[in-house]
Amino acid sequence: MSEVQGTEEKNEWVKLRPSSIIMPLLCVVLLLAICPVLSYNTEEVHCLAGGLEDSPLIHSNIFGKLGTAIAWRFLLTFGVAGYPLVLLMLLSSLRRVFWRRNLKAISWEYLSSFLLFGVGLSMFLGIWPEAFKGFTSELNLATLPGGVIGQRLSSPAGCLTLFMNNTGAAILSLAIIALPIAVIWYFDWLDIFKALAASQPSKADIVDKTSLAEPVPPIEVTTAPPEPKVIQAEKHPASVNPTPTQPHQAETPRSIDKYEYPTIDLLDDRSAAERNGANAREIERNAKLLQKTLDDFNVPARVVSQVSAPQVTQFEIMPEAGVRLNAITGLESNIKMSLAAKTLRILAPIPGKNLVGIQVPNETRAVVSVRSLMQDENWRKGKDQIPLLLGKSINGKNVILDLAKAPHLLIAGTTGSGKSVCMNLLITSMLYKFNPEELRLIMVDPKVVEFQAYTTLPHLVVPVINEVEKVPLALKWAINEMERRYRVLAKVNVRNLEDFNKRPKAEEPVLDDEGNPIPDKLPFIVIIIDELADIMAVAKKDVETNLSRIAAKSRAVGIHTIIATQRPDTKVITGTIKANYPVRIAFRVASHIDSQTILGTKGAESLLGYGDMLFQPPGASNIDRIQCGMASDEERNRVVAFCASQATQHFDETVFVSPDDGTDGMDSSDGEEISADVPSSNSEEQLIRKATEAILQSRRPTISYLQRALGIGYNKAATLMEELEARGVVGPQLSPSTPRQILVTSSKTNSNEDNQSF
Numbered sequence: 002m003s004e005v006q007g008t009e010e011k012n013e014w015v016k017l018r019p020s021s022i023i024m025p026l027l028c029v030v031l032l033l034a035i036c037p038v039l040s041y042n043t044e045e046v047h048c049l050a051g052g053l054e055d056s057p058l059i060h061s062n063i064f065g066k067l068g069t070a071i072a073w074r075f076l077l078t079f080g081v082a083g084y085p086l087v088l089l090m091l092l093s094s095l096r097r098v099f100w101r102r103n104l105k106a107i108s109w110e111y112l113s114s115f116l117l118f119g120v121g122l123s124m125f126l127g128i129w130p131e132a133f134k135g136f137t138s139e140l141n142l143a144t145l146p147g148g149v150i151g152q153r154l155s156s157p158a159g160c161l162t163l164f165m166n167n168t169g170a171a172i173l174s175l176a177i178i179a180l181p182i183a184v185i186w187y188f189d190w191l192d193i194f195k196a197l198a199a200s201q202p203s204k205a206d207i208v209d210k211t212s213l214a215e216p217v218p219p220i221e222v223t224t225a226p227p228e229p230k231v232i233q234a235e236k237h238p239a240s241v242n243p244t245p246t247q248p249h250q251a252e253t254p255r256s257i258d259k260y261e262y263p264t265i266d267l268l269d270d271r272s273a274a275e276r277n278g279a280n281a282r283e284i285e286r287n288a289k290l291l292q293k294t295l296d297d298f299n300v301p302a303r304v305v306s307q308v309s310a311p312q313v314t315q316f317e318i319m320p321e322a323g324v325r326l327n328a329i330t331g332l333e334s335n336i337k338m339s340l341a342a343k344t345l346r347i348l349a350p351i352p353g354k355n356l357v358g359i360q361v362p363n364e365t366r367a368v369v370s371v372r373s374l375m376q377d378e379n380w381r382k383g384k385d386q387i388p389l390l391l392g393k394s395i396n397g398k399n400v401i402l403d404l405a406k407a408p409h410l411l412i413a414g415t416t417g418s419g420k421s422v423c424m425n426l427l428i429t430s431m432l433y434k435f436n437p438e439e440l441r442l443i444m445v446d447p448k449v450v451e452f453q454a455y456t457t458l459p460h461l462v463v464p465v466i467n468e469v470e471k472v473p474l475a476l477k478w479a480i481n482e483m484e485r486r487y488r489v490l491a492k493v494n495v496r497n498l499e500d501f502n503k504r505p506k507a508e509e510p511v512l513d514d515e516g517n518p519i520p521d522k523l524p525f526i527v528i529i530i531d532e533l534a535d536i537m538a539v540a541k542k543d544v545e546t547n548l549s550r551i552a553a554k555s556r557a558v559g560i561h562t563i564i565a566t567q568r569p570d571t572k573v574i575t576g577t578i579k580a581n582y583p584v585r586i587a588f589r590v591a592s593h594i595d596s597q598t599i600l601g602t603k604g605a606e607s608l609l610g611y612g613d614m615l616f617q618p619p620g621a622s623n624i625d626r627i628q629c630g631m632a633s634d635e636e637r638n639r640v641v642a643f644c645a646s647q648a649t650q651h652f653d654e655t656v657f658v659s660p661d662d663g664t665d666g667m668d669s670s671d672g673e674e675i676s677a678d679v680p681s682s683n684s685e686e687q688l689i690r691k692a693t694e695a696i697l698q699s700r701r702p703t704i705s706y707l708q709r710a711l712g713i714g715y716n717k718a719a720t721l722m723e724e725l726e727a728r729g730v731v732g733p734q735l736s737p738s739t740p741r742q743i744l745v746t747s748s749k750t751n752s753n754e755d756n757q758s759f
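The opening position of the sequence shown corresponds to residue 2 in my numbering, with each subsequent residue numbered one higher.
#1: Once DSSP output is grouped into helix, strand and coil, what is the label at residue 105?
#2: Expressed to the nearest angstrom, what Euclidean distance is found between the alpha-carbon atoms of residue 422 and residue 110?
#3: Let me know if residue 580 comes out buried or exposed under the rule of 16 or more other beta-carbons within 10 Å of its beta-carbon.
#4: Tell me the DSSP secondary structure of residue 538 in three-state form.
#5: Which one of 172, 450, 185, 361 has the shortest CA to CA distance from residue 346?
#6: Since residue 125 and residue 178 should fall inside the 8 Å C-beta cutoff, what is the C-beta to C-beta distance between them, to a whole number of angstroms?
#7: Within 10 angstroms of its Cβ, does residue 28 collect 16 or more other Cβ (buried), or is it exposed?
#8: What residues in its chain sit with their C-beta under 8 Å from that of residue 305, if we drop five residues either side in the sequence?
#9: In angstroms with no decimal places, state the Cα-to-Cα distance between residue 488 and residue 459.
#10: Roughly how many angstroms lie between the CA atoms of residue 269 and residue 393, to the nearest whole one?
#11: Can you tell me the Cα-Cα spacing of residue 503 and residue 386, whole angstroms?
#12: Mapping DSSP to helix, strand and coil, what is residue 393?
#13: May I ask you to report which of helix, strand or coil DSSP gives residue 486?
#14: Report the option in 71, 24, 81 whose CA atom is closest to the CA atom of residue 91.
#15: Is it true that the CB of residue 155 sits closer than 8 Å to the CB of residue 174?
#16: Hey, quick one: how far does the beta strand (DSSP E) through residue 348 stretch, first residue to last?
#17: Rank 120, 638, 591, 367 by C-alpha distance to the C-alpha of residue 432 and give the top, closest one.
#18: Nearest by alpha-carbon distance to residue 371: which of 635, 292, 506, 529 is it?
#19: Could you give the first and the last residue of the continuous beta strand (DSSP E) run that contains residue 529?
#20: Check residue 649 in the structure and name its three-state DSSP category.
#21: Taking 8 Å as the cut-off, decide whether the C-beta atoms of residue 619 and residue 406 are in contact.
#22: Using only CA atoms, which one of 140, 644, 147 lies nearest to residue 128?
#23: Which class does residue 36 belong to by DSSP, given the choice of helix, strand or coil?
#24: According to DSSP, simplified to helix, strand and coil, what is residue 408?
#25: Looking at the strands, I want to know which residues DSSP matches up with residue 375.
#26: Can you tell me whether residue 302 is helix, strand or coil according to DSSP?
#27: Nearest to residue 149 by alpha carbon, out of 122, 168, 167?
#28: Apart from the five residues on each side of it in sequence, which residues of its chain come closer than 7 Å, Cβ to Cβ, to residue 85?
#29: Please report the residue range of the alpha helix (DSSP H) in which residue 282 lies.
#30: What separation, rounded to the nearest whole angstrom, lies between the Cα atoms of residue 294 and residue 315?
#31: From the DSSP secondary-structure annotation, give me the bridge partner or partners of residue 370.
#32: In whole angstroms, what separates the C-alpha of residue 535 from that of residue 469?
#33: Kindly indicate which three-state DSSP category residue 181 falls into: helix, strand or coil?
#34: Where does residue 734 fall in DSSP's three states?
#35: Tell me, please, which residues DSSP counts as bridged to residue 316.
#36: With H, G and I counted as helix, E and B as strand and the rest as coil, what does DSSP make of residue 388?
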């Protein structure tokens, strides 16, 4: 381990986070309150019900009557089980304060495990109420070793005795105890033991990334990623690259020089499954049936060739001169019946050919593995800036999208059509090509389940975003970062990120507008939004406006977006979104209307699902049919774990800081210009001021009017009205039929007072 890494590991023991200290402090307070040796006294319990007020024993609890009340109710609930419960909570919370290495993020499963542990242990102790009589008598819990929980559930008079005996109740209680212990072990301790095991030299041969290109000696994973660090930016979003002029490299303890890219051996070899597909006999039979159908309807055309893809076979038909194409397309239903095909897609004509294509599903379908795609020469030695693997086209060629040229991507399709598999493939492609200093990711997952596997990636700018309310802030940060990068590029006289990263190193450091040294390189930033529909339902105007601004001008500075939705309707894929995302992928949809919404043409309703997709490439009018490559969950997890073991996470907390709207003259609430005489620098304050102005000008202090005037939802308007009431702008709502009273006369005459209150 390098000196920098060693320093960081030591710092993990001593760096305190104020928000993390609350829980251990509460545990210590509770432990002291219930400790019979130090403060808890049963005589004080009687004082809570009256009596013994003159006793010298009262007020012995170090936290007074409040401590006695809390301790008594806690012990009455859990009984003796309260002591190991508090100790377990204290141990876990201290672990997260003083040593955060190899920790998983807290979730509801983790928090509920402590409660479940207390319930299970109380049930176990409640089975034998007489076994702990001596100790429980001192706690004034003579027959309640498991507290009320144990007494009600598992005591001889408990509800469990109606269904099972003591042995069955004990087994059930132990199972309930074991489950939360396993969950807590998984979140707090499992990864640290994995890291210790990984620190030992591996006997297995590990093939490096350059097994795809040039051989490099095998690597050894020595550590697992510690808890993410947060980089605080002073004025503008901080660069993720340390500049050569920065004196203290300890602020970025990642050892990127030693970063090893994922190896191809992390991916499964599915060569046997890939050999499946339509066989020669099936293709010949379908060709004869297709020709017979054309002859039966007197269409002068003949089947001249066929191309077999993993899921479909395309038969190419040459019509004779003078044959109208609709004579062939009009036979779609008849051809489908003749071939006994579930679905059919007709290309009339095939782009670039004087042929008609009829795509027929194969009886036996083949998979396209990520490993086979990465063995392609174009992937290994390609010159694309951000290469993304998509799959195999109808003619069997591997398809690679350069996101830098796209420069944004829209993905849509129904549930189960392959959208999530495609997203995993795109992310895996980036992980194989970029280290955390070359690429930064912002992932938005409103459904919580899609991107949870990527929470440990060192490429993340912020933790995976699950709260929809944070999405506009993240997009606003990306806009500010985009503007900052344009200013940085102007300082060094280059036009795009590629030229910026390739420019010769300056003899003297160049400073940006804030006086900070400009780094040698800047990373790509890719924003990935999994379910756009959930976000548009909550913050449509903000998200639509911000995505449009990013899509309009972020290409040159290396900021790109990938958005996906399973609801391809016009309320989600609006005209603005569609205009700014010309590169699109459509999986199977319910109707041709949805296909028109995504691609501007029908066809996606005829897809087979399971990764079968239509791809609208950049700068092309044709639409390609592609079978998406499949990366299983196990493959994805191996790749993510490998990347996570190579570098630590560094998060930028400025992403979720409400930006200064005065910098761009736009209010994030509705995208309108802000008056120059408004001094507030907070977007929420701007909205409150606009609400005040609207009410003072219209003299209509109602929630419904604020909705219409500001273009916001009912809940937001109601919150604004409550805030205006608290600040003395309007009076209270005395009755449903009585309007509120306006308490101020003019925003101008009360400007000084407003400046103080707002």
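Think of the CB as a built atom: it goes at the ideal place given N, C-alpha and C, for glycine as much as any other residue. Just so it is clear, the structure is predicted and the values come from calculations on it, not from any experiment.
Based on what the coordinates show:
#1: coil
#2: 26 Å
#3: Exposed is the call here.
#4: helix
#5: 361
#6: Right, their Cβ atoms sit about 7 Å apart.
#7: buried
#8: When the five nearest sequence neighbours on each side are left out, the beta carbons in the same chain lying within less than 8 Å of the beta carbon of residue 305 are those of 317, 318, 319, 356, in order along the chain.
#9: 27 Å
#10: 17 Å
#11: 13 Å
#12: strand
#13: Note: residue 486 maps to helix in three-state DSSP.
#14: Nearest option by C-alpha distance: 24.
#15: yes
#16: Unbroken beta strand (DSSP E) run through residue 348: 346-348.
#17: Comparing Cα positions, the closest option is 638.
#18: 635
#19: 525-530
#20: coil
#21: yes
#22: 147
#23: coil
#24: coil
#25: Beta-bridge pairing links residue 375 to no other residue.
#26: Three-state DSSP puts residue 302 in a strand.
#27: 122
#28: If we look at residue 85 and ignore the five residues flanking it on each side, its Cβ neighbours are 122.
#29: In the DSSP annotation of this structure, the continuous segment of the alpha helix (DSSP H) that includes residue 282 starts and ends at 281-297.
#30: 16 Å
#31: Residue 370 pairs with 631.
#32: 8 Å
#33: helix
#34: Shown here, residue 734 sits in coil according to DSSP, grouped into three states, outside any helix or strand.
#35: 307, 359
#36: Correct three-state label for residue 388: strand.
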